[in-house]
Amino acid sequence: MPKDEYQSRDFKVVGTRPIRPDGIDKVTGKARYGADITAPGMLWGAILRSPHAHARIRGIDTSKARAIKGVKAVITRDDFTYQPEDSDMADILDNCMAGETARYDGHAVAAVAATSKSIARAALAAIEVDYEVLPHVTDVDEAMKPGAPVIESGRQQENVPKGYSENVTGRSQYGHGDPEEGFKQADLVIKRSFKTAATHQGYIEPHACLATLGSDGQGDLWVCTQGHYMVRNVCAGVLGLDAGQLRVTASEIGGGFGGKTHVWMEPTALMLARKSGKPVKLMMSRDEVFRATGPTASSSVDVKIGMTKDGKITGAAATYRLQAGAYPGGIAFLSAMCGFAPYDLENVRTEGFEVMTNRPKAAAYRAPGAPMGAYPVESVIDELCQKLDLDPLDARLKNAAREGTKSSYGPTYPAIGLEATLKAAQSHPHWTAPLGPNQGRGVACGFWFNFGGDTCVSLMVNPDGTVSLSEGNPDIGGSRASMSMMAAEELGVPLDQVRTIIADTASLGQNEVTDGSRVTFAVGLATIKAARHAVEIMKERAAMTWGIDPEAVDWRDGAAHPAGPNAGKFPPMTIKEIAAIASNTGGPIAGHHEVNAEGAGVSFATHMVDTEVDPETGAVKVLRYTVFQDAGKAVHPDYVEGQFQGGAAQGIGWAINEEYIYGDDGRLQNAGFLDYRIPVASDLPMIEPVILEIPNPGHPYGVRGVGETSIVPPLAAIANSVSRAAGVRLTSLPMSPPKVLAALKAE
Amino acid sequence: MVAVRLWGSLAELADGQQTVEIEAANLRQLLDGLVRAYPALKPQLERGVSVSIDGKIYNDTWATPISEESEVVLLNRLVGG
Chain A
1 MPKDEYQSRD
11 FKVVGTRPIR
21 PDGIDKVTGK
31 ARYGADITAP
41 GMLWGAILRS
51 PHAHARIRGI
61 DTSKARAIKG
71 VKAVITRDDF
81 TYQPEDSDMA
91 DILDNCMAGE
101 TARYDGHAVA
111 AVAATSKSIA
121 RAALAAIEVD
131 YEVLPHVTDV
141 DEAMKPGAPV
151 IESGRQQENV
161 PKGYSENVTG
171 RSQYGHGDPE
181 EGFKQADLVI
191 KRSFKTAATH
201 QGYIEPHACL
211 ATLGSDGQGD
221 LWVCTQGHYM
231 VRNVCAGVLG
241 LDAGQLRVTA
251 SEIGGGFGGK
261 THVWMEPTAL
271 MLARKSGKPV
281 KLMMSRDEVF
291 RATGPTASSS
301 VDVKIGMTKD
311 GKITGAAATY
321 RLQAGAYPGG
331 IAFLSAMCGF
341 APYDLENVRT
351 EGFEVMTNRP
361 KAAAYRAPGA
371 PMGAYPVESV
381 IDELCQKLDL
391 DPLDARLKNA
401 AREGTKSSYG
411 PTYPAIGLEA
421 TLKAAQSHPH
431 WTAPLGPNQG
441 RGVACGFWFN
451 FGGDTCVSLM
461 VNPDGTVSLS
471 EGNPDIGGSR
481 ASMSMMAAEE
491 LGVPLDQVRT
501 IIADTASLGQ
511 NEVTDGSRVT
521 FAVGLATIKA
531 ARHAVEIMKE
541 RAAMTWGIDP
551 EAVDWRDGAA
561 HPAGPNAGKF
571 PPMTIKEIAA
581 IASNTGGPIA
591 GHHEVNAEGA
601 GVSFATHMVD
611 TEVDPETGAV
621 KVLRYTVFQD
631 AGKAVHPDYV
641 EGQFQGGAAQ
651 GIGWAINEEY
661 IYGDDGRLQN
671 AGFLDYRIPV
681 ASDLPMIEPV
691 ILEIPNPGHP
701 YGVRGVGETS
711 IVPPLAAIAN
721 SVSRAAGVRL
731 TSLPMSPPKV
741 LAALKAE
Chain B
1 MVAVRLWGSL
11 AELADGQQTV
21 EIEAANLRQL
31 LDGLVRAYPA
41 LKPQLERGVS
51 VSIDGKIYND
61 TWATPISEES
71 EVVLLNRLVG
81 G
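Protein chains in written order, with UniProt numbering: chain A, 1 to 747; chain B, 1 to 81.
Now the structure itself:
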């Protein structure tokens, strides 16, 4: 069996719960986030944003702003003289600084750099923009209609049938069999339509960066991001720089959840730095974060499912319409792939439409598209179970995908863990706990792919035998701890002998963004292989010292040992002893590994939640929540549990409170946490995480990603719980008190 | 020949065939062969795809081997958060 495939073993470090290496810095305020860096002579940047949802920019007069003392640079799109050929890069440039058209409320139209924040603000106020206001559309269903205001012509892909608005830029279809035939075999068929609102990832730390860029093309960028290599590549592509001349360092990160997998303003900071000749610091306000960075897509979905009396799903179909914001792209295809993925179906068909609107460009929010994929499907399955008097866990088990199931999106599954999560849910005390008046219990399943990608790791054995590990992915979920643990496990050394850092873009090869739940899988794989590389070198050094062949040396418990009696009798050489004589045996010792890590294992979860509905106000209270998820192997269970709990908490906000509210004028009405209500601690019960470990056959330790699947089931699980508590099916998120009350009254 | 399953809207661009056969021994040959046989697929293949080979999903590794018995499914290019 190849060494990079799963092999059962007894772990010494992996699976334990050591203290978090970044904890002290974070709780004492020493950790350096995006806004925490300054530079001598630094200027303050600020961005002027469109107040209109859709407007032609007839002209921008910056003369009064430039005349203000302390203003060192004023830029508009005219300053971005390099025009990227790549359409994705061109879109990012246009999103960072509008060209001829402002496409949404909050779209950047000009920027300044000044010696103080107050001067920068005054300069923004002095810029005069001549707008011609255009018709706008912010609703996905309205945007699809022929005759809707078109955000940009000519962006429709070849896969969109005739008859749709040009705002419909992409379409995808998945499935197999014949759903219509399946519906004929069903005892009950339910068809419903659902809506979900756009929600923001709600990360605590707004976007921030510090940029320098000289006339020689050399620059440095300190930035809060989920992927500093991506930031480097995009900024270089947008500005026409050589990537190698731009060094990007990732700050500590105060949350991302997908919202920091994009570039929203960094090219602007670099352009201000180039024009002023000074370092420029640019920080978004919370208002800007809401108006100008990507929330997840809102959705409009039709679902139809047929089921027999004994709970077998005979036919399934869904159409997903997701708004992508002001640029082409979108994630409806992921909704279409994920919605029915937990189930073994003979007849299933899904369709996804990507739709442009006059909203900020939509971004990922953990498993992009999957929550909107699962919510309508799991809601209708729940309603079928109610009407057919079936146990919702039994019904899901009856239809559960297993090893060998042909998935709804095409491939046949290898070993997967859905059935284990459902059985764990069935046997958990939560499932049989009594409910009170106006209370309901909901369950739902969810699926996410996980993936790997380009990854580099370097592992240095220091002269004293300690280990320094460099990875290139910002640590948003405990990767420094996990990598240290996997390196310690592989080397056989105590965990406190290993320290992991996040290297800048000049220090390692290309690394993909911290997304797709890829880091523990892919960087972990590279860490294990880098450690194994270092071990081979250390075995060679021990062999050289003993005068035997390297093949006659074993490595265990942090030391080289003669492989057997024929290898000779030598006392073990520890890593410390080998490191101490490294200069005498060939020089410094380091292992490294570079890989495009493919073959990540998919992940499933089942969520169970109890809610209580106040029949007088429509308010929903979450009483109890349990997450059952397959982690493959939990390297540091504390962090895994945190991912489970975090996804559930965010899902509670998405399901009950959060939504982007647009006025008739197309402007965002609630761009702040006072009016956009995310859950606070007092809104949440203890969320109980139940970790299941069904090893991923494609990873040496069996690791699967865990960061995204936990956001997939909550919308449906909570909607099912509320619908059962209220006695009426809720089909629109968020289930805010006015909506719930209206549904109760309609009933 | 390798049987390659296409998603619905791609099948429409491949003369309506849900499954097409391509002479290929690895991922690069597969993608090149698809463009040669079905030029209408080129825009999507240039935008990017993921490929499931025997249940494992691959994005870029050209040398990934494919056998005639392999289950090969084209997918939209996966993205994450």
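All C-beta atoms in this analysis are idealised placements derived from N, C-alpha and C, irrespective of residue type, glycine included. Note that the structure is predicted; figures quoted are calculated from it, not measured.
- Task: Just confirm the distance between the C-beta atoms of T412 (chain A) and E71 (chain B), as a whole number of angstroms; I'd bet it's less than 8 Å.
- Result: Sequence index remark: in the first sequence, residue 412 (chain A) carries index 412 (1-based). Sequence index remark: in the second sequence, residue 71 (chain B) carries index 71 (1-based). Correct: roughly 6 Å between the Cβ atoms.
- Item | Residue closest to A243 (chain A), alpha-carbon to alpha-carbon, out of A:T38, A:P267, A:P494 and A:H207 | Numbered from its first residue, the first sequence carries residue 243 (chain A) at position 243. A243 (chain A) has its Cα closest to that of A:P267, out of A:T38, A:P267, A:P494 and A:H207.
- Query: Is the number of C-beta pairs between the region 25-34 of chain A and the region 43-55 of chain A that are closer than 8 Å three or more?
  - Reply: no
- Amino acids of chain B, ordered along the chain, whose beta-carbon sits closer than 9 Å to that of G509 (chain A): Numbered from its first residue, the first sequence carries residue 509 (chain A) at position 509. Near G509 (chain A) there are no residues of chain B at all, since even the closest Cβ is about 14 Å away, more than 9 Å.
- Task: Identify, in the order they occur along the chain, each residue of the same chain with its Cβ nearer than 8 Å to the Cβ of A198 (chain A), setting aside the five sequence neighbours on each side.
- Result: In the first sequence, the residue the question calls residue 198 (chain A) occupies position 198. Contacts found: P295, T296, A297, S298, Q323, R359, A362, E659 and Y660.
- For Q218 (chain A), which three-state DSSP category applies? In the first sequence, the residue the question calls residue 218 (chain A) occupies position 218. DSSP places Q218 (chain A) in coil when its eight states are reduced to three.
- Query: Using a beta-carbon distance below 9 Å, is I66 (chain B) in contact with chain A?
  - Reply: Translated into positions along the second sequence, residue 66 (chain B) becomes position 66. So, not an interface residue.
- Query: In terms of DSSP beta bridges, what is L75 (chain B) paired with?
  - Reply: Start at 1 with the first residue of the second sequence, and residue 75 (chain B) comes out as number 75. Partner(s): B:S50.
- chain B within 9 Å of T319 (chain A), Cβ atoms only: Taking the first residue of the first sequence as 1, we reach residue 319 (chain A) at position 319. No, because no Cβ of chain B sits closer than 9 Å to the Cβ of T319 (chain A).
- Specify the secondary structure class of K195 (chain A) as computed by DSSP and reduced to three states. Your numbering for residue 195 (chain A) matches position 195 in the first sequence. It is a strand residue.
- Query: What do you get for P738 (chain A), buried or exposed, if any count of 16 or more other CB atoms within 10 angstroms of its CB means buried?
  - Reply: Residue 738 (chain A) sits at position 738 when you count from the first residue of the first sequence. Exposed, by the Cβ-count rule.
- Does DSSP classify K64 (chain A) as helix, strand or coil? As a working mapping, residue 64 (chain A) is identified with position 64 in the first sequence. K64 (chain A) falls in the helix class under three-state DSSP.
- Message: Short of 8 Å in beta carbon distance, which residues of its chain neighbour G154 (chain A), apart from the five on each side in sequence? Order them along the chain.
- Response: Position 154 of the first sequence, counting from 1, holds the residue named residue 154 (chain A). Excluding residues within five positions, the ones whose Cβ falls inside 8 Å are E166.
- Query: Under a CB-based cut-off of 9 Å, is L75 (chain B) close to chain A?
  - Reply: The sequence position of residue 75 (chain B) within the second sequence is 75, counting from 1. L75 (chain B) counts as touching chain A.
- Message: Is the beta carbon of V620 (chain A) closer than 9 Å to that of D614 (chain A)?
- Response: Position 614 of the first sequence, counting from 1, holds the residue named residue 614 (chain A). Position 620 of the first sequence, counting from 1, holds the residue named residue 620 (chain A). Yes, the Cβ-Cβ distance between D614 (chain A) and V620 (chain A) is below 9 Å.
- Using 10 angstroms around the beta-carbon of M1 (chain A), count the other beta-carbons present and answer buried if the total reaches 16, otherwise exposed. Taking the first sequence and counting its residues from 1, one reaches residue 1 (chain A) at position 1. For M1 (chain A), the predicted structure reports a pLDDT of 47, less than 50, and the residue's modelled location is therefore unreliable. A value from the coordinates is still provided. Exposed.
- Grab me the residues of K275 (chain A)'s own chain with a C-beta within less than 7 Å of its C-beta, minus the 5 sequence neighbours each way, in chain order. Mapped onto the first sequence, residue 275 (chain A) falls at position 275. Once the five neighbours on either side are set aside, the close Cβ partners of K275 (chain A) are A73, I75 and D79.
- Query: Could you give the C-beta distance for A108 (chain A) and R66 (chain A), rounded to a whole number, given that I count them as a contact under 8 Å?
  - Reply: Walking along the first sequence from the start, residue 108 (chain A) turns up at place 108. Walking along the first sequence from the start, residue 66 (chain A) turns up at place 66. About 18 Å separates the two Cβ atoms, so there is no contact after all.
- Assuming R171 (chain A) and T101 (chain A) make a contact with CB atoms under 8 Å, what is their CB distance in whole Å? On the first sequence, residue 171 (chain A) is found 171 positions in, with the first residue counted as 1. On the first sequence, residue 101 (chain A) is found 101 positions in, with the first residue counted as 1. Not really, about 25 Å apart at Cβ, beyond 8 Å.
- Message: Taking the alpha carbon of V690 (chain A) as the reference point, which residue from A:D675, A:Y639 and A:W264 has its own alpha carbon closest?
- Response: Against the first sequence, residue 690 (chain A) aligns to sequence position 690. If we check each option's Cα against that of V690 (chain A), A:Y639 comes out closest.
- Query: Taking the runs of the alpha helix (DSSP H) that are 4 residues or longer, which of them lie wholly in the region 558-611 of chain A?
  - Reply: 575-580
- Nearest neighbour of S63 (chain A), chosen from A:D105, A:Y104, A:L124 and A:A425 [CA to CA]: In the first sequence, the residue the question calls residue 63 (chain A) occupies position 63. Considering only alpha carbons, the answer is A:L124.
- Item | Three-state secondary structure assigned by DSSP to N26 (chain B) | Within the second sequence, numbered from 1, the residue matching residue 26 (chain B) stands at position 26. Three-state DSSP puts N26 (chain B) in a strand.
- Item | Ranges of the beta strand (DSSP E) found wholly within the region 379-463 of chain A, counting only runs of at least 3 | 439-448 and 453-461
- Task: With DSSP collapsed to three states, give me the class of P689 (chain A).
- Result: By 1-based counting over the first sequence, the position of residue 689 (chain A) is 689. DSSP places P689 (chain A) in strand when its eight states are reduced to three.
- If you follow the beta strand (DSSP E) that R499 (chain A) is part of, which residue opens it and which one closes it? Your numbering for residue 499 (chain A) matches position 499 in the first sequence. Here the beta strand (DSSP E) through R499 (chain A) covers V498 to I502.
- Item | Whole-angstrom distance between K278 (chain A) and T40 (chain A), CA atom to CA atom | Within the first sequence, residue 40 (chain A) is the residue found at index 40, counting from 1. Within the first sequence, residue 278 (chain A) is the residue found at index 278, counting from 1. Here residue 40 (chain A) is Pro; the residue named in the question, Thr, does not match the sequence. Cα-Cα distance, rounded: 9 Å.
- Message: Quick check: is the beta carbon of N59 (chain B) nearer than 9 Å to any beta carbon in chain A?
- Response: Numbered from 1 along the second sequence, position 59 holds the residue referred to as residue 59 (chain B). It does: the Cβ of N59 (chain B) has a partner Cβ on chain A nearer than 9 Å.
- Task: For Q226 (chain A), count neighbouring Cβ atoms within 10 angstroms of its own Cβ and tell me buried if that reaches 16, exposed if not.
- Result: Taking the first sequence and counting its residues from 1, the one referred to as residue 226 (chain A) is at position 226. Under this definition Q226 (chain A) is a buried residue.
- Task: Work out the CA separation of M230 (chain A) and S285 (chain A) for me, nearest whole Å.
- Result: Indexing the first sequence from 1 puts residue 285 (chain A) at position 285. Indexing the first sequence from 1 puts residue 230 (chain A) at position 230. Distance between the alpha carbons of S285 (chain A) and M230 (chain A) is about 23 Å.
- Task: Report, in whole angstroms, the separation of the C-beta atoms of R247 (chain A) and D504 (chain A), which I expect to be a contact under 8 Å.
- Result: As a position in the first sequence, residue 247 (chain A) is number 247, starting the count at 1. As a position in the first sequence, residue 504 (chain A) is number 504, starting the count at 1. Confirmed, Cβ separation roughly 6 Å.
- Task: Have a look at M271 (chain A) and L134 (chain A) and give me their C-alpha separation to the nearest angstrom.
- Result: The count along the first sequence starts at 1 and reaches residue 271 (chain A) at position 271. The count along the first sequence starts at 1 and reaches residue 134 (chain A) at position 134. Cα-Cα distance, rounded: 29 Å.
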